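Accompanying notes for the structure given below.
Residue numbers (the working numbering): 137 to 246.
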């Protein structure tokens, strides 16, 4: 039984030595280095892709925030320029309706 164990250990060691020899030989080393470089590049590209996805998500959130802010500002402008609000301001500052000769029409640009 001891001889069987020593044979299996020697087989494992010889297989291990053969693999090491093949990988570190003049034919195996370029293959191993190529696989390592490809693996590192894959990881780097994947990390860059994830980083860009985070940036895209951040920009999308910022765009949504600006859209909402724009809508709020348009609503505020509409409230300030409402007829009732303009009439209140006119009474507060003692303004009167303009006369016909006081109105100047500016043509719109095309």
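Don't be surprised by glycine CBs; every beta carbon is placed ideally from N, CA and C. Predicted model, so just to flag it, every value in this text is computed and none were measured.
Can you give me the Cβ contacts of residue i inside the same chain, cut-off strictly under 7 Å, excluding the 5 residues immediately before and after it?
i	result
residue 184	none
residue 243	none
In the structure shown, what three-state DSSP assignment does residue i receive?
i	result
residue 150	helix
residue 244	coil
residue 231	coil
For residue i and residue j, I'd like the C-alpha separation in whole angstroms.
i	j	result
residue 223	residue 213	15 Å
residue 202	residue 188	21 Å
residue 186	residue 193	11 Å
residue 235	residue 197	50 Å
residue 206	residue 216	15 Å
residue 238	residue 204	39 Å
residue 220	residue 241	23 Å
residue 157	residue 173	21 Å
Give the range of the alpha helix (DSSP H) segment to which residue i is assigned.
i	result
residue 226	219 to 228
residue 204	164 to 216
Short of 6 Å in beta carbon distance, which residues of its chain neighbour residue i, apart from the five on each side in sequence? Order them along the chain.
i	result
residue 195	none
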